Each structure stands twice: as structure tokens, then as C-alpha cells.
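Below is one structure, written out as C-alpha cells; comments come after it.
There are 2 protein chains.
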Amino acid sequence: MTPRKPAGQELTREMIIDVARKQFLEKSFQEVSMRVIATELACSHGAIYYHFKNKASLFYAVVEEYFAELDTLLANTLKEEGEPDTKLIHIFLCLMRFGLNNQSQYEYMFVMRNEEVNSLSQEAASKSYAKFAQAVHPLCRESIMLSDIYSVFMALHGFIVHHLHHSKNFDEVKEIAFLHAQFLMKAIR
Amino acid sequence: MTPRKPAGQELTREMIIDVARKQFLEKSFQEVSMRVIATELACSHGAIYYHFKNKASLFYAVVEEYFAELDTLLANTLKEEGEPDTKLIHIFLCLMRFGLNNQSQYEYMFVMRNEEVNSLSQEAASKSYAKFAQAVHPLCRESIMLSDIYSVFMALHGFIVHHLHHSKNFDEVKEIAFLHAQFLMKAIR
DNA sequence: TATTTTAATTAACCACCGTTCAATTAAAAG
DNA sequence: CTTTTAATTGAACGGTGGTTAATTAAAATA
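Heads up: the sequence lines are chains A and X, in that order.
Residue numbers are given in UniProt numbering: position 13 of the first sequence equals residue 13, and the series is strictly consecutive.
Residue numbers are given in UniProt numbering: position 98 of the second sequence equals residue 98, and the series is strictly consecutive.
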């Protein structure tokens, strides 16, 4: 019995999130357990509850980061120089690349539905879409309908979801990803 | 102890599937349990194992029906008279209607990934896509690329997945569904 | 009617889980 | 050198679950 870890070996929020992140990458929300996370942290499962209210809030701490990551990626792509058409295709590919190189993340962000967690990540997903729309809109001609941008987003979403777990990573599908992006350009040009 | 039901009250495969179907409609695969199914059937949970090898095979018996249903719907839509353009839009709407009026079904058919079950339903999903492509292809101009049909399918898929659980039924989104269909027509015409 | 087959029951096995909380003790504060 | 406080433990609570196997009664067959 060692009811308190020696200085410098204390459990931190970050350590827990790190292990949880790894677990959620490999397994579904239901399959990940607080007890296994604790085992990998070499601490007791009770200790986690000192840092997180419950499993859902730990989960959300992990997913929050993913939304931030995607935001950064999209922002960087936007900063690049180039023709509007090229930039649009880059944005489309950026989203598909993120989805397929971060499959579990994408699933948690945009596919998973779970009552325990959803009010939180649902909102984050909406914001993420809004940023996508704001990025895409100025690159289209004035007359474009908002619903078209919405359609583009869903078409990209569909591409990603369809290939989830079915393909290993973006590289495996980059050719069809490019074709898909061109297909979408035909619709908005 | 009544180790066997009297004649005419025996448990059948169909009775089990009926209850299981209802359960899988309301809950996820993990959340549905053989024991609860048995309770609703007023039989013991052991009895189910006389008719089904395990939970996965019972689940697949349920999902199998869904693929058949979708096949029928698409086939009927194809039979209708009309211009190719109208027919195409009808097919697109048919798929979106099916997905959003049968949300859990769609999720099990095309979204869920689960090692216990997947080799089976993965194949059924591929066949389902093949039928869609065969239906769409003759309605497009000769020069259309196969990848475009693939893109259309994924775009529809994305629309459905995006609205899963988020909308109650197809009626709630039929206007945007129609816009989405028109968006896709722009890309293939 | 006697026997066999079939379909059901129940207990049991084994495994898992999230969460709470009194008890404990190391580190920090005084 | 005390006291306080913060972090940690592990038992306990109250469940959940899939699957197996011995057992038995009803139905089918001979």
C-alpha cells in the first residue's frame, strides 16, 4: 500500500489523457475501461477519478484536442499561396487526409453518437463545419449557394466514412481522393 | 422447470429475429444483450443458443434482411418510367430516404465496424454498392467515369451519415436532400 | 406403448465494468 | 517538528454480459 506517490511521480491530467488517447485509438468508447487505463498508468483506477469526474469527461478531454488539430491543419492549408481552384482542392484533400490518417479520431469527432458524451462533441463538430464553410466560401464564385458548400462537406465526409477501417491510411486512397475532389469541383464550377 | 414448451408455443428463429430486430433498432450492438432478448421472448437465454450459434450470427440474420429491403427499394425505383435525369434523382432520393427513415439499419449496414461481425456484412455492403452502380451507370452519358459514380455514392452516403440521429426522419431534411441530389447532377452532367 | 429425438430450462463459470468512499500517507505548510 | 492538505489506494457496491453443459419434459418415431 502506497497511498501517495513520491514527489515527481504523481499522476497528472496529461499522463491520464495520454494513455486514454492511446486506448481510444485502438478501441471503441465502450471497449475502453477506466480500469485498463489505470493498469497501464500503474496506478489504481480510483486515482483517475481524482482528476476526472467520469469516463465521459476524460473522453471529451481527448476528443477536444482532435478538433483543435483539425482546425490548425485547415488554417495552415488556407495560408498557402495559390489559385482559388488549387486551394479548394487542397482543402478537400486536407480534410480527407486528416480523416483517413486519423481514423479513430475522425470517427469520434464526426461519426460516433453516444448520449453520455454527445452534447459536447456535437457542438464542436458544428463549429468545425462552420470553419470549413468559412474557408471554402471566399474561394468560390459569388453566386454559389450555401447548400452547395454543405453538399461538398457531406460528400467529403462520405468519402472518409466509407473508407474508415477499410483502408489503412490516406496514401492508400490518394488517387481516388483526388478524383473525388475533382468530381466536386465539377459541381461547384 | 419446464424444459420444453408445449406444441405450438415453441420458440422459432423468426420469433427471435423479430425481438432482436427491435432491440437492435433501439440500441447499439454492444448494448443489446442475449439475456434481455430472452426476457422479452419469455424464454430462457440459453434457448436462443439452440437456434443461433452466438450473438454475432443472430445479429447478422437481422442485418441480412435490411440489405434485401434496400435492394427491393432500389429495384422498384428503377422500374419507374421517366427521363434518365428524373430517374437518377429518384434513385438518389431513394437511397437518402432509406438511410434516414431506417437510421439504425443504415448504421449497421454501412457505418458500423465490428470485428465479430464484419466479414459478413462488409461483403453485403459491397454488393449493395455494386447494384447501385449498375442502376446508375446506364442512366448517365457514355463517357462518364466509374469514379464519378463512386463519388456520387459516397456523397449520398455522407449526407445520410451526417444526418443520422441528428434528424428524425427523411421528411425533416427532404428539401436539403433534394438540393444535394441536384448538386450531384451538376457534377455528372 | 416404449424409445428416441428435440427443444427447452437453469445453474454455473468466468469475465467485465463505472463509481464511490473510508482509510491512508507522502508532501507541503506552518 | 508538528499539523494540515492533497493525492492515492483498494475494497466494496451493484451491476452487466456471453457462453456452456447437465438435465428434463414434450413430441416424434418405431
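For glycine and all other residues, C-beta sits at the position ideal for the given N, C-alpha and C.
Values in this document were obtained by computation on a predicted structure and should not be read as measured data.
Report back the beta-carbon spacing between residue i and residue j to the nearest angstrom; my notes put them in contact at under 8 Å.
i: A/F29; j: A/N114; result: 6 Å
i: X/A135; j: X/I91; result: 6 Å
i: X/A47; j: X/A38; result: 7 Å
i: A/F67; j: A/M109; result: 6 Å
i: X/G158; j: A/G158; result: 2 Å
Tell me the rounded alpha-carbon separation between residue i and residue j.
i: A/M34; j: A/F59; result: 10 Å
i: A/Q105; j: A/L88; result: 23 Å
i: A/V152; j: X/R4; result: 58 Å
i: X/D71; j: A/I16; result: 47 Å
i: A/M154; j: X/L156; result: 8 Å
i: A/I160; j: X/G8; result: 50 Å
i: A/F132; j: A/P6; result: 47 Å
i: A/Q23; j: A/E64; result: 16 Å
i: X/H162; j: A/N76; result: 25 Å
i: X/N54; j: X/H45; result: 11 Å
i: A/Y50; j: A/A42; result: 15 Å
i: X/S57; j: X/L184; result: 37 Å
i: X/E26; j: A/K186; result: 40 Å
i: A/I144; j: A/Y150; result: 11 Å
i: X/L73; j: X/R13; result: 25 Å
i: A/P138; j: X/F52; result: 57 Å
i: X/E107; j: A/Y129; result: 22 Å
i: X/R21; j: A/L11; result: 45 Å
i: X/V173; j: X/E69; result: 22 Å
i: A/E40; j: A/D148; result: 47 Å
i: X/L93; j: A/L120; result: 31 Å
i: X/E80; j: X/L146; result: 24 Å
i: X/C140; j: X/D85; result: 8 Å
i: A/H165; j: A/M96; result: 14 Å
i: A/T2; j: A/E116; result: 33 Å
i: A/V36; j: A/V19; result: 10 Å
i: X/A181; j: A/L78; result: 28 Å
i: X/E31; j: A/V32; result: 15 Å
i: X/E142; j: A/E142; result: 32 Å
**Message:** If we require 4 or more residues per run, which alpha helix (DSSP H) segments fall completely within the stretch 82-135 of chain A?
**Reply:** 84-101 and 103-106
**Asked** Residue ranges of each alpha helix (DSSP H) run of no fewer than 4 residues wholly in the stretch 21-87 of chain X, ordered along the chain?
**Response** 34-41, 45-51 and 55-79
**Message:** Across the stretch 171-178 of chain A and the stretch 93-103 of chain A, are there enough close Cβ pairs to call them in contact, namely three or more that are closer than 8 Å?
**Reply:** yes
**Message:** For the pair the stretch 161-172 of chain X and the stretch 120-130 of chain X, tell me if three or more CB-CB distances fall below 8 Å.
**Reply:** no
**Request:** Would you list, in sequence order, the uninterrupted alpha helix (DSSP H) runs of no fewer than 4 residues that lie entirely inside the stretch 133-178 of chain X?
**Result:** 146-163
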